[in-house]
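Enquirer: If you read the sequences in order, they're chains G and R.
By the numbering used here, the letter at position 555 of the first sequence is numbered 555, and the numbering carries on one by one without gaps.
By the numbering used here, the letter at position 127 of the second sequence is numbered 127, and the numbering carries on one by one without gaps.
Quick one: the structure is below, and I'll ask about it shortly.
Number of protein chains: 2
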Amino acid sequence: MTPKTRIITRREEPVRFAALGGLEEIGRNMMFFEYKNETIIIDAGLQFPEEETPGIDYIIPNVTYLEERKKNIKGLIITHGHYDHIGAIPYILDKLGNPPIYATEITREIILKRQEDFPNSPKPIFIMVKSGEIHKFGQYFTAEFFDVIHNIPEGIGIILHTPIGKIVNPGEFKFDYDHDGKPRGLDIWKRVGEQGIHTLMLDSTGAETPGWSLSERVVERELEKLFKAAPGRILTATFSSLLDRLAEIIKIAEKLGRKVAISGFSMKSNIQIAQNLGYMKIQKGTLIPLEEIHKYRDEKLLILCTGAQGEPNASLMRIANREHRHIKLKPADTLILSSSIVPGNERSVQILKDNLARQGPTIYHFKMLDIHSSGHAPQEELKTVMKLIKPKFFLPIHGYYFMRMRNAKHAQEMLGLKPEETILTDNGRMVEFHPNHLRLTSEQIPAYYVMVDGLGVGDVGEVVLRDRRALAQEGMVVIITTLGRQNGRILKNPDIISRGFIYLKESQQLLEDVRRRIRGIISRIPFRQPLDADYAKTLIRDQIGQFLYNKTKRRPMILPVIIEI
Amino acid sequence: MTPKTRIITRREEPVRFAALGGLEEIGRNMMFFEYKNETIIIDAGLQFPEEETPGIDYIIPNVTYLEERKKNIKGLIITHGHYDHIGAIPYILDKLGNPPIYATEITREIILKRQEDFPNSPKPIFIMVKSGEIHKFGQYFTAEFFDVIHNIPEGIGIILHTPIGKIVNPGEFKFDYDHDGKPRGLDIWKRVGEQGIHTLMLDSTGAETPGWSLSERVVERELEKLFKAAPGRILTATFSSLLDRLAEIIKIAEKLGRKVAISGFSMKSNIQIAQNLGYMKIQKGTLIPLEEIHKYRDEKLLILCTGAQGEPNASLMRIANREHRHIKLKPADTLILSSSIVPGNERSVQILKDNLARQGPTIYHFKMLDIHSSGHAPQEELKTVMKLIKPKFFLPIHGYYFMRMRNAKHAQEMLGLKPEETILTDNGRMVEFHPNHLRLTSEQIPAYYVMVDGLGVGDVGEVVLRDRRALAQEGMVVIITTLGRQNGRILKNPDIISRGFIYLKESQQLLEDVRRRIRGIISRIPFRQPLDADYAKTLIRDQIGQFLYNKTKRRPMILPVIIEI
């Protein structure tokens with residue numbers, strides 16, 4: 001092959017891109033780029049279950065497409081250590097052929113900690129990365145990393161050098177502010193922009209939120225005010241992954257001479273990791289075991305808890321239900337919930353707050369504060385990054401269609417881009433990056449939910465979920481009819497079992513009516529050998545279903561069983 | 001009886017009060033006062049189902065206590081026409097002995113409209129009330145009514161004159177503002193206060209919301225701006241009960257020369273009622289039938305829709321799913337969602353917005369605006385009312401414990417009341433109103449959920465709900481074992497039916513293992529006549545349940561059936 005031919009081939013071949021999750025939901029972030037026979041993956045997150053997926057533990061990305069091409073995979077880059085970016089790793093690592101994972105130190109530690117729960121997942125191979133480093137993968141892709149501020153340490157952004165140009169995915173970020181309220185570190189973004197960027201990809205979670213982030217300085221100041229005013233113990237509840245916030249809280253406690261106890265396994269192990277890596281510089285003697293809190297005066301104590309979202313088994317829920325081994329609330333306690341409510345959890349959080357409030361402590365809920373100091377850049381920060389990076393194309397990622405549309409509109413306004421230069425794609429939809437345009441293809445690769453339920457990964461499908469939803473709505477009735485093989489006659493009174501429909505013990509008349517109807521149905525079926533059991537079942541399902549609907553205006557699932565003896 | 005004795009009796013006997021709903025949730029508002037053999041009820045609302053009550057249509061108040069004393073009931077006062085205040089009427093009217101309903105004109109019309117769907121409910125007897133009127137009920141209670149501003153016309157507040165003093169329940173309200181942003185109509189509250197009020201009861205829904213209501217003037221101005229900028233059709237989606245907002249929208253449409261079409265049955269009938277009573281003065285020719293919108297130019301059209309909460313069958317959802325008979329979205333359309341999201345509906349609304357956005361219209365979501373112009377007075381308005389009424393005691397109503405606690409704290413601050421003068425009670429907990437104190441008794445009357453499901457009222461109880469929740473989580477497995485009565489032997493291969501567990505067709509091996517285990521279990525039971533079926537069932541349930549858990553880490557409901565032939 002002469003050099004000339006190679007150049008022509010490159011020109012003709014686009015970089016191909018698809019997201020396997022994260023574009024029609026919040027969570028399950030995973031995407032990849034491919035060029036010829038080389039593939040680079042970014043993130044492998046999980047999504048928490050939804051109302052429509054009852055009983056499911058997690059939803060993970062569908063990696064069928066990548067699995068079929070696993071020999072091409074040159075690396076998996078992880079932008080930061082949150083579960084919506086790392087949570088699928090133990091489930092998919094083997095399927096992807098255990099490619100090297102490119103991550104920062106703390107991200108690696110968090111991934112390794114989680115692997116302990118998955119002894120059958122392969123031992124991950126890590127390549128450590130740092131801001132400013134450039135890593136080459138195979139022949140076509142090179143990644144340059146840069147620091148971003150998120151609410152967990154060591155988030156990294158990626159400048160992916162590809163045959164068609166440079167593509168930036170900064171992962172999730174927000175701005176940091178100095179004491180005068182000025183954003184800090186904008187020069188990093190500027191330097192990225194000066195390289196000449198083909199496409200910028202930006203998280204859209206904050207695209208509907210107006211304004212700028214609230215500075216963590218302000219949050220710190222507000223927390224310190226509350227801490228100073230607290231007459232007794234202070235309990236704070238937040239996500240165990242909000243390591244930066246936790247570091248701040250501990251710092252304030254030290255300043256005010258309070259000891260710190262931790263309630264919650266995940267929080268304890270996260271703080272341990274952050275401490276080992278030097279992200280939390282906790283003074284000797286600050287941390288005390290939870291079982292020793294009674295040795296200290298109340299006004300010298302701070303307790304860090306998990307469970308601000310009303311999670312059933314977290315420590316705050318156990319405190320609310322008066323089931324916690326070491327913590328019983330006192331009226332002089334001050335309880336600070338420092339996390340915004342994840343949509344769908346509103347009612348659990350309200351019940352949690354009620355149960356806590358009934359025990360008398362003073363409760364502060366930092367809802368509004370937190371929305372504006374979430375980890376996701378709001379509108380003005382997104383716009384600032386767009387302006388500093390000045391990409392030729394824009395591709396909004398992470399978030400519902402509506403949020404991504406807003407993000408695309410911002411890019412059109414800020415950069416003068418045309419709609420076809422700010423592409424809105426979907427999970428599994430293949431996008432081509434050409435030197436001078438992006439193309440949304442019609443190629444759709446598998447991207448539908450893979451559900452994790454107990455030990456099963458992917459064995460719960462739409463049929464099972466549909467049944468679960470139906471059972472939850474109206475319950476079910478099993479009708480067992482035993483027939484003689486010789487004459488097709490009913491051998492015994494039909495057995496009826498029902499759950500979630502009505503309390504049958506109190507509905508004897510209805511039960512009798514159903515049995516009489518079943519006998520009628522069977523007696524009208526002409527006797528034939530062999531019996532057409534499917535026909536008999538259909539008659540029972542339809543007629544008993546209709547009868548029960550007329551009587552109750554409910555449609556339980558009817559499950560007829562014919563037993564021939 | 002001499003006057004003297006009577007006074008002594010009065011002194012000794014408190015007015016008793018209990019709420020049957022509305023104190024641990026938003027909705028299902030109903031409360032009553034009793035003195036000797038006379039009872040006055042305020043409101044009879046419903047509550048929409050929750051995650052923990054799958055398949056339920058509504059939750060209504062438990063009226064067992066009142067039903068047992070129905071001859072005492074002197075009247076049912078309805079403060080306004082929202083479903084959380086009127087929705088239980090058709091279900092309970094008969095149980096209460098069809099007492100007279102005291103309501104304003106539009107409230108009566110809304111109640112009557114709903115009664116049409118309940119032909120078996122008795123014909124309600126209405127006594128019309130107006131602001132300034134005083135109505136006497138029996139011997140002990142007198143009610144004086146005053147106008148309040150809510151987001152539905154003719155909300156009324158009540159000053160209940162009782163033997164121990166005057167109790168004020170203003171129902172739900174917010175302030176109205178003049179063009180300079182000053183609250184209007186504060187003199188009404190002042191005059192109420194001048195009467196000398198024993199206890200003030202206040203809605204707590206807004207007690208966590210800081211500040212004042214956003215003036216409807218501002219909402220109007222913002223809407224008009226959007227309307228003027230719209231290049232094509234305008235569609236607005238809001239609650240069909242937000243009659244004041246609807247009136248404003250129609251007024252702006254008329255001003256800008258747009259015709260108005262209504263999509264949604266409930267909205268049509270509510271607007272009809274408001275028009276008949278003169279609350280909406282719509283010009284002749286403004287309203288056009290929905291099926292005629294094609295006769296008008298797009299920029300001359302406004303369409304009012306229901307379904308801003310993502311309700312499955314509302315018109316907006318049909319539009320989003322491209323299933324609406326008359327409305328297909330066009331890119332030039334402007335869609336305005338004008339209602340805050342009811343907690344729990346966030347995800348439905350997000351999916352709705354995504355499906356709408358994919359069809360290209362410009363979408364505005366008035367979330368923030370709406371929170372601050374909701375029908376519920378926020379903190380500063382609540383405090384203002386407290387200050388103007390200056391009650392001796394304060395009893396927060398409507399809303400979660402946490403909200404009511406906040407409301408009570410406000411009253412303690414504003415009025416210098418002690419905690420025991422600002423009582424926090426629960427649903428069904430009896431409170432005594434004495435001339436010089438309130439007493440929270442330990443008497444608990446039935447107040448637990450009564451669930452409406454199809455035709456059944458109260459026949460779905462905790463057992464059925466628990467089964468529904470369990471079925472939704474892990475599904476179920478029915479195991480039918482047919483035994484010979486003569487020898488206790490298995491006559492045929494056990495039948496296994498499962499729904500919502502795993503897709504059994506793809507788990508033949510698991511199925512075979514289960515069958516083998518069942519044969520093993522049965523063969524180890526010593527033969528006896530009659531067979532101890534319960535014992536066999538317990539063995540199957542426990543052992544198969546454990547086996548399936550070991551294999552899958554899931555716990556489906558196991559339903560063993562033994563058939564003896």
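Yeah, the Cβ is synthetic: ideal placement off N, Cα and C, and Gly gets one too.
1. Taking A207(G) and L415(G) to be in contact with their CB atoms under 8 Å, please state how far apart those CB atoms are, rounded to whole angstroms.
2. Taking DSSP's pairing of strands, which residues face S516(R) in a bridge?
3. Taking buried to mean at least 16 other C-beta atoms within 10 Å of its own C-beta, is L112(R) buried or exposed?
4. For G165(G), which of L202(G), V15(G), E216(G) and G97(G) has the nearest alpha-carbon?
5. Tell me whether M128(R) sits in a helix, a strand or coil according to DSSP, three-state version.
6. Out of R404(R), L23(R), N29(R) and Y35(R), state which residue places its alpha-carbon closest to the alpha-carbon of H434(R).
7. Classify Y576(R): buried if its beta carbon has 16 or more other beta carbons within 10 angstroms, exposed otherwise.
8. Under 8 Å between beta-carbons, which chain G residues line up against T538(R)? List them in chain order, please.
9. Among the candidates S340(G), L335(G) and H376(G), whose CA atom is the shortest distance from the CA of G360(G)?
10. Less than 8 Å between the beta carbons of L277(G) and E105(G), yes or no?
11. Since R358(R) meets chain A, which of its residues come closer than 7 Å, beta carbon to beta carbon?
12. Name the chain G residues whose beta carbon is nearer than 8 Å to that of V463(R)?
13. Quick one: Cα of E420(G) to Cα of G138(G), how far?
14. State yes or no: is the beta carbon of G456(R) nearer than 8 Å to at least one beta carbon in chain G?
15. Which residues in the same chain as G310(R) place their Cβ atom closer than 6 Å to its Cβ, once the five residues preceding and following it in sequence are excluded?
16. Run through the region 406-483 of chain G for me and flag every whole beta strand (DSSP E) of 3 or more residues, listed as ranges in chain order.
17. Tell me which residues share the same chain as P331(R) and place their Cβ nearer than 6 Å to its Cβ, disregarding the 5 neighbours each side in the sequence.
18. Leaving out the 5 sequence neighbours to the left and right, which residues in its chain are closer than 6 Å to Y58(R) when beta-carbon positions are compared?
19. Following a CB-centred definition, is P530(R) positioned closer than 7 Å to any heavy atom of the ligand MG?
20. Show which residues of chain R have a CB atom less than 9 Å away from the CB atom of T482(G).
21. Using the three-state DSSP reduction, which class does P560(R) fall into: helix, strand or coil?
22. Do you know offhand how far K574(R)'s Cα is from H82(R)'s?
23. Using a beta-carbon distance cut-off of less than 7 Å, what residues from the region 207-227 of chain G approach chain R?
24. So T552(G) contacts chain R; which residues on that side make the cut at Cβ distance below 7 Å?
25. Any Cβ of chain G within less than 8 Å of the Cβ of K353(R)?
26. What in chain R is Cβ-close to I497(G), meaning under 8 Å?
27. Please list, in chain order, the chain R residues whose beta carbon lies closer than 7 Å to that of Q473(G).
28. Between G500(G) and chain R, is the shortest Cβ-Cβ distance under 8 Å, so that the two count as touching?
29. Applying the 10 Å Cβ sphere with the 16-neighbour rule, what's the burial state of H294(G)?
30. For the candidate residues Q486(R), M476(R) and D467(R), whose alpha-carbon lies nearest to that of Y503(G)?
31. Round the Cβ separation of P54(G) and A229(R) to the nearest angstrom and send it over; I've been treating them as touching at under 8 Å.
32. Here's the rule: buried if 16 or more other CB atoms are within 10 angstroms of the residue's CB, otherwise exposed. What is K553(G)?
33. Compare the C-alpha of L465(G) against each of M128(G), I479(G), L455(G) and V450(G) and name the closest.
34. What distance in whole Å lies between the Cβ atoms of M403(G) and T205(G), which are believed to be in contact at a cut-off of 8 Å?
35. What number of angstroms, rounded off, separates the C-alpha of D354(G) from the C-alpha of I77(G)?
36. Going along chain G, which residues have a C-beta under 7 Å from L46(R)?
Expert: This is what the structure holds:
1. In the first sequence, the residue the question calls residue 207(G) occupies position 207. In the first sequence, the residue the question calls residue 415(G) occupies position 415. Not a contact, Cβ separation roughly 15 Å.
2. Here residue 516(R) refers to the residue found at position 516 when the second sequence is read from its first residue. Correcting the residue type first, residue 516(R) is Arg in the shown sequence and not Ser. In DSSP, R516(R) forms no bridge with anything.
3. Taking the second sequence and counting its residues from 1, the one referred to as residue 112(R) is at position 112. Flag for L112(R) reads exposed.
4. By 1-based counting over the first sequence, the position of residue 165(G) is 165. Checked all of L202(G), V15(G), E216(G) and G97(G); the closest Cα to G165(G) is V15(G).
5. In the second sequence, residue 128(R) corresponds to position 128, counting from 1. Note: M128(R) maps to strand in three-state DSSP.
6. Locating residue 434(R) in the second sequence gives position 434, counting from the first residue. Per the Cα distances, Y35(R).
7. Here chain R has residues from 1 to 565 only, and residue 576(R) is not among them.
8. Taking the second sequence and counting its residues from 1, one reaches residue 538(R) at position 538. By Cβ distance, chain G contributes nothing, its closest Cβ being about 16 Å from T538(R), past 8 Å.
9. Taking the first residue of the first sequence as position 1, residue 360(G) is located at position 360. It is L335(G).
10. The sequence position of residue 277(G) within the first sequence is 277, counting from 1. The sequence position of residue 105(G) within the first sequence is 105, counting from 1. Yes, Cβ-Cβ distance for L277(G) and E105(G) is below 8 Å.
11. No chain A is part of this structure, whose protein chains are labelled G and R.
12. In the second sequence, residue 463(R) corresponds to position 463, counting from 1. By Cβ distance, chain G contributes Y503.
13. Taking the first residue of the first sequence as position 1, residue 420(G) is located at position 420. Taking the first residue of the first sequence as position 1, residue 138(G) is located at position 138. When rounded, the distance between both Cα atoms is 31 Å.
14. The sequence position of residue 456(R) within the second sequence is 456, counting from 1. Yes, because at least one Cβ of chain G sits closer than 8 Å to the Cβ of G456(R).
15. Along the second sequence, read from residue 1 onward, the residue named residue 310(R) stands at position 310. Answer for G310(R): N345, S348, V349 and L352, listed in chain order.
16. 429-434, 437-444, 450-453 and 476-483
17. Locating residue 331(R) in the second sequence gives position 331, counting from the first residue. Annotation for P331(R): G360 place their beta carbon closer than 6 Å to its own, counting only its chain and skipping 5 residues before and after.
18. Here the question's residue 58(R) lines up with position 58 in the second sequence. Result list for Y58(R): L46 and V452, in chain order.
19. Summarising the ligand content, the structure contains no ligands, and the ligand MG is consequently not present.
20. Locating residue 482(G) in the first sequence gives position 482, counting from the first residue. In chain order: T482, I563 and I565.
21. What you label residue 560(R) is simply residue 560 of the second sequence in a count that begins at 1. If DSSP states are grouped into helix, strand and coil, P560(R) belongs with the strands.
22. Nothing about residue 574(R) can be reported from this structure: the residues present for chain R run from 1 to 565 only.
23. none
24. Counted from its first residue, the first sequence places residue 552(G) at position 552. In chain order: G454, L455 and G456.
25. The residue given as residue 353(R) occupies position 353 in the second sequence. Chain G contact via Cβ: present.
26. Position 497 of the first sequence, counting from 1, holds the residue named residue 497(G). Per Cβ cutoff of 8 Å: V478, L559 and V561.
27. Position 473 of the first sequence, counted from the first residue, corresponds to residue 473(G). By Cβ distance, chain R contributes P54 and G55.
28. For the purposes of this step, residue 500(G) is taken as residue 500 along the first sequence, with counting starting at 1. Output row for G500(G): interface = yes.
29. Residue numbering aside, residue 294(G) sits at position 294 when the first sequence is read from its first letter. Per the 10 Å Cβ criterion, exposed.
30. Position 503 of the first sequence, counted from the first residue, corresponds to residue 503(G). Nearest C-alpha to Y503(G): D467(R).
31. Counted from its first residue, the first sequence places residue 54(G) at position 54. Counted from its first residue, the second sequence places residue 229(R) at position 229. Incorrect: roughly 43 Å between the Cβ atoms, too far for contact.
32. Taking the first residue of the first sequence as position 1, residue 553(G) is located at position 553. Exposed.
33. In the first sequence, the residue the question calls residue 465(G) occupies position 465. With respect to the C-alpha of L465(G), the residue from M128(G), I479(G), L455(G) and V450(G) having the closest C-alpha is V450(G).
34. Residue mapping note: residue 205(G) aligns to position 205 of the first sequence, counting from 1. Residue mapping note: residue 403(G) aligns to position 403 of the first sequence, counting from 1. That pair is a contact at about 6 Å.
35. Translated into positions along the first sequence, residue 354(G) becomes position 354. Translated into positions along the first sequence, residue 77(G) becomes position 77. So the alpha carbons of these two residues sit roughly 43 Å apart.
36. Locating residue 46(R) in the second sequence gives position 46, counting from the first residue. Within chain G, no residue comes near L46(R); the closest Cβ sits about 17 Å away, beyond 7 Å.
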